[in-house]
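Counted the way this note's numbering counts, the sequence shown spans residues 150 to 336. A virtual CB, placed ideally from N, CA and C, is assigned to each residue, including glycine. For clarity, every value in this text was computed on a predicted model and none was experimentally measured.
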Amino acid sequence: GLFTLEVNKWKKKKETLSLSSTRSSIPLNANLPRSLMFMIETVSPEEATGLTAKIYGAFPPEIGIPDTMQLQSASQPLMMLTAKMLEYWRRHETLSFELLAGIRYLTANVCAFDSCIDFNGKILAGMGISQDELAAFREDPLRGPFEERENALVAFVVRSLEADGPADPAELDRLREFGWSDRDIYE
């Protein structure tokens, strides 16, 4: 439709992910210029009050507020749900905030989603990870800045995004041997 045509006009890569049961496709790169992305009314960080200001305040100034969160300000109920979900991830029992930032960073690289690459790259840089280390992480997730078991999980996520078929049961067993539960693998 029209939305796909507009996205195709702006996206950097020509790749699309085809839905097997339909003729539709979803663009892998949803990077749109801010002027196009924010054609609906949103709340800027400078104008935020009340609950929106509180949610924005949860993001450190050196990292900034993600574009996706600013876009969510168009619907305060959905913004609240997203904030609750982020809080869940922030306090996850086994998946650290840093590990989740690494997973989001590499998945954003696979999907060429620049604003997520930038946002999560800032989180990782705040952990002390250099640009050279980030480049090595992008090249080979198993050489990432995390423990071996965490790097194995990140590599699995990246391979799952890039794969044409189902996950390899042996790889799932290896993750379980590292101590990851099926819930951890899913989440």
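Between Leu283 and Gly270 the beta-carbon gap is near 6 Å, inside 8 Å, which marks them as a contact. Contact between the segment 304-312 and the segment 256-266 is present: 3 or more CB-CB pairs across the two stretches fall below 8 Å.
Membership of Ser224 in any alpha helix (DSSP H) is not indicated, and neither H nor E is assigned to it by DSSP. When the Cα atoms are used, Gly251 and Leu227 turn out to be separated by approximately 25 Å. In the displayed model, Met276 falls within coil according to three-state DSSP, outside both helix and strand. For Pro290, the secondary structure class from DSSP, reduced to helix, strand or coil, is helix. Pairing Phe327 with Leu249, the inter-Cα distance amounts to about 17 Å.
Per DSSP, Arg253 is one residue of the alpha helix (DSSP H) stretching across 246-260. Secondary structure within the segment 282-331: the alpha helix (DSSP H) runs of 4 or more consecutive residues, fully enclosed, are 297-311, 318-326 (chain order). Residue burial is scored here from C-beta neighbours: Thr201 has at least 16 other C-beta atoms within 10 angstroms and is therefore classed as buried. Leaving aside the five residues that flank Gln221 on each side, the residues in its chain whose CB is nearer than 6 Å to its CB run, in chain order, Leu227, Met228, Thr231. Secondary structure at Gly199: helix, using DSSP grouped into helix, strand and coil. Taking a 10 Å sphere around the C-beta of Ser264, we find 16 or more other C-beta atoms and assign the residue as buried.
Under the three-state reduction of DSSP, Ala207 is assigned to coil, being neither helix nor strand. Between Phe295 and the set Ile214, Thr198, Ser245, the nearest pair of CA atoms involves Ser245. C-alpha of Leu324 to C-alpha of Phe286: approximately 19 Å in a straight line.
Relative to Arg332, the option among Thr243, Phe305, Gly293, Pro290 whose CA is nearest is Thr243. For Ser264, the three-state secondary structure derived from DSSP is helix.
Taking C-alpha positions only, Tyr237 is separated from Ser193 by approximately 24 Å.
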